[in-house]
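Student: Residue numbers 735 to 1020, in our numbering, belong to the letters of the sequence shown in order.
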Amino acid sequence: MACALHYAASVRVAFIYLGAEIASTAEHLRQALEQHGHYVVCEIDNTSDFDRVLETPVDVVVVAGGDGSVAAVARRLAHAAIPIAVLPLGTANNIAKCLGIHASVDETIARWDLEQRIAIDFGVAHARWGRRTFLEGLGCGLVTAITSGCNDVDLEEALRAYQRRLETLAPRPVTLTVNDECMEDEFLLAEVLNVGWVGPNLALSSESNPSDGWLEVVLARESERQYLCGYFEQRLRGDMVDLELPTQRTHHLELRTAQDVHIDDQVYEGGPIVIDVQRRAVQFLV
């Protein structure tokens, strides 16, 4: 899509939206941006055009969409001086939650301040498939088993899918080396988190802070199955509650598993994976 140039406003915006559902509201979102004094320098509606963000002088990159869109843009803008502003229009919006964004589109735009930024860490994974970065988390077990099948469903449907899968999920062997301690056991879930929520707002770690240089390693064994079942029952009743599972904090770890792993919303082959923190990798408006 060609750049749309305007000359009446002061804050130069690159406006990014991905997916047909967001595209259908793009005109409304563009008007909202302009009504609040922003000037849309260019619009990008597919990942192949991301390079134009770095080629066009802009003050802020506005991403309208869900966690997948936000993470894709964040990876492209790693270590750039351009901040990202999020309009959370996805299903879970876990990244927006960690930034404290809960308001309507108009209220969110009205509250933006280019001076109010936060620098977010990335997790970095190295394995035989190469190097991958993650904004939300990496793990194996329950979350990975559901990741591919819940991209286009609402939160309630996703929670029910997790609940059904948990009933039949067998714990699988995982070896973790965390803080120089080796743990080898069978787990229903093993997650390495940069933010506190994954999937359909699963509150796996209330202590996660994506700006503190730490990752949280959250584990669930067979002994936690009934506790997890109870959690999904509470969520389906409408209660937003945090999970309290065995957790460790680390800057560096190694995870070994024969299972597939998810990295944010993508699934990769398992094996030995070395995981580190990339400090203050991308800036967001808060």
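We put the CB at the ideal spot given by N, CA and C, even for glycine.
A quick note: this is a predicted structure, and the numbers were derived from the prediction, not measured.
(1) Could you tell me the alpha carbon to alpha carbon distance between ALA760 and THR825, rounded to whole angstroms?
(2) Once you ignore the five residues that flank GLU976 on each side, which residues in its own chain have a CB closer than 6 Å to its CB?
(3) Who are the near neighbours of ASP779 in its chain, counting only those whose CB is closer than 7 Å to its CB and skipping five residues on each side?
(4) Which word fits ASN928, buried or exposed, when buried means at least 16 other C-beta atoms lie within 10 angstroms of its C-beta?
(5) Does VAL926 come out as helix, strand or coil in the three-state DSSP assignment?
(6) Assuming VAL775 contacts VAL747 under a Cβ cut-off of 8 Å, what Cβ separation, rounded to an integer in Å, is found between them?
(7) Residues in its own chain within less than 6 Å of GLY933 by CB, not counting five upstream and five downstream?
(8) Hey, quick one: how far does the beta strand (DSSP E) through GLU967 stretch, first residue to last?
(9) Using the Cα positions of GLU870 and TYR1002, report the straight-line distance between them to the nearest angstrom.
(10) Can you give the beta carbon distance from ASP1010 to CYS874, rounded, assuming they're within the 8 Å contact cut?
(11) Could you tell me the distance, in whole angstroms, from the CA atom of ASP801 to the CA atom of ALA859?
(12) Which residue spans inside the stretch 736 to 796 form an unbroken alpha helix (DSSP H) run of at least 4?
(13) Give me, in chain order, the residues of the same chain whose beta-carbon lies closer than 8 Å to that of ARG851; leave out the 5 immediate sequence neighbours on both sides.
(14) Distance, Cα to Cα, LEU910 vs CYS916?
(15) Buried or exposed for SER782, please, with buried defined as at least 16 other CB atoms from any protein chain shown within 10 angstroms of its CB.
(16) Tell me whether the beta-carbon of VAL908 lies closer than 7 Å to the beta-carbon of VAL951.
(17) Compare the C-alpha of ASP847 against each of PHE784, GLY771 and LYS831 and name the closest.
(18) With a floor of 4 residues, list each alpha helix (DSSP H) that falls wholly inside the stretch 856 to 919, ordered by position along the chain.
(19) Going by alpha carbons, who is nearest to ALA861 out of GLN769, LEU823, LEU987 and VAL745?
(20) With H, G and I counted as helix, E and B as strand and the rest as coil, what does DSSP make of THR842?
(21) Could you check where the beta strand (DSSP E) with ARG990 kicks off and where it finishes?
(22) Per DSSP, what kind of secondary structure is ILE816 in: helix, strand or coil?
(23) For GLU755, which option in PRO822, ALA766 and ARG809 has the closest C-alpha, if you only look at C-alpha atoms?
(24) Report the residue from LEU970, TRP948 and VAL745 whose alpha carbon sits nearest the alpha carbon of ASP793.
Tutor: Working from what's here:
(1) Taking the sequence shown and counting its residues from 1, one reaches residue 760 at position 26. Taking the sequence shown and counting its residues from 1, one reaches residue 825 at position 91. Distance between the alpha carbons of ALA760 and THR825 is about 17 Å.
(2) On the sequence shown, residue 976 is found 242 positions in, with the first residue counted as 1. Before going further, note that residue 976 is Asp rather than Glu in the sequence given. If we look at ASP976 and ignore the five residues flanking it on each side, its Cβ neighbours are ALA937 and SER940.
(3) For the purposes of this step, residue 779 is taken as residue 45 along the sequence shown, with counting starting at 1. So the list reads MET735, TYR751, LEU752 and ALA757, once near-sequence residues are dropped.
(4) In the sequence shown, the residue the question calls residue 928 occupies position 194. Buried, by the Cβ-count rule.
(5) Here the question's residue 926 lines up with position 192 in the sequence shown. VAL926: strand per DSSP, three-state reduction.
(6) One-based indexing of the sequence shown puts residue 775 at position 41. One-based indexing of the sequence shown puts residue 747 at position 13. At roughly 6 Å, the Cβ-Cβ gap stays under 8 Å, so VAL775 and VAL747 are in contact.
(7) In the sequence shown, residue 933 corresponds to position 199, counting from 1. These residues qualify, in order along the chain: VAL877.
(8) Mapped onto the sequence shown, residue 967 falls at position 233. Element bounds for GLU967: not the beta strand (DSSP E) but the alpha helix (DSSP H), 959 to 970.
(9) Position 136 of the sequence shown, counted from the start, is the residue given in the question as residue 870. Position 268 of the sequence shown, counted from the start, is the residue given in the question as residue 1002. The straight-line gap from Cα to Cα measures roughly 15 Å.
(10) As a position in the sequence shown, residue 1010 is number 276, starting the count at 1. As a position in the sequence shown, residue 874 is number 140, starting the count at 1. Rounded, the Cβ-Cβ distance is 18 Å, inconsistent with contact.
(11) Mapped onto the sequence shown, residue 801 falls at position 67. Mapped onto the sequence shown, residue 859 falls at position 125. Taking the straight line from one Cα to the other gives about 19 Å.
(12) 754 to 757, 760 to 769 and 785 to 789
(13) For the purposes of this step, residue 851 is taken as residue 117 along the sequence shown, with counting starting at 1. Within the same chain, ARG851 has close Cβ partners PRO817, GLN1017, PHE1018, LEU1019 and VAL1020.
(14) Locating residue 910 in the sequence shown gives position 176, where the first residue counts as 1. Locating residue 916 in the sequence shown gives position 182, where the first residue counts as 1. Going from the Cα of LEU910 to the Cα of CYS916 covers about 6 Å.
(15) As a position in the sequence shown, residue 782 is number 48, starting the count at 1. It is exposed - the Cβ of SER782 has fewer than 16 other Cβ atoms within 10 Å.
(16) Position 174 of the sequence shown, counted from the start, is the residue given in the question as residue 908. Position 217 of the sequence shown, counted from the start, is the residue given in the question as residue 951. Their beta carbons are not under 7 Å apart, which means VAL908 does not touch VAL951 by this criterion.
(17) As a first step, residue 847 must be located in the sequence shown, where it is residue number 113. When each option's Cα is compared against that of ASP847, the closest is GLY771.
(18) 876 to 881 and 889 to 902
(19) Residue numbering aside, residue 861 sits at position 127 when the sequence shown is read from its first letter. Nearest option by C-alpha distance: LEU987.
(20) Locating residue 842 in the sequence shown gives position 108, where the first residue counts as 1. Correct three-state label for THR842: helix.
(21) Translated into positions along the sequence shown, residue 990 becomes position 256. Per DSSP, ARG990 belongs to the beta strand (DSSP E) from 986 to 991.
(22) Sequence index remark: in the sequence shown, residue 816 carries index 82 (1-based). Of the three classes helix, strand and coil, the one that applies to ILE816 here is coil, per DSSP.
(23) In the sequence shown, the residue the question calls residue 755 occupies position 21. Out of PRO822, ALA766 and ARG809, PRO822 has the C-alpha closest to the C-alpha of GLU755.
(24) Locating residue 793 in the sequence shown gives position 59, counting from the first residue. Of the candidates LEU970, TRP948 and VAL745, the one whose C-alpha sits nearest the C-alpha of ASP793 is VAL745.
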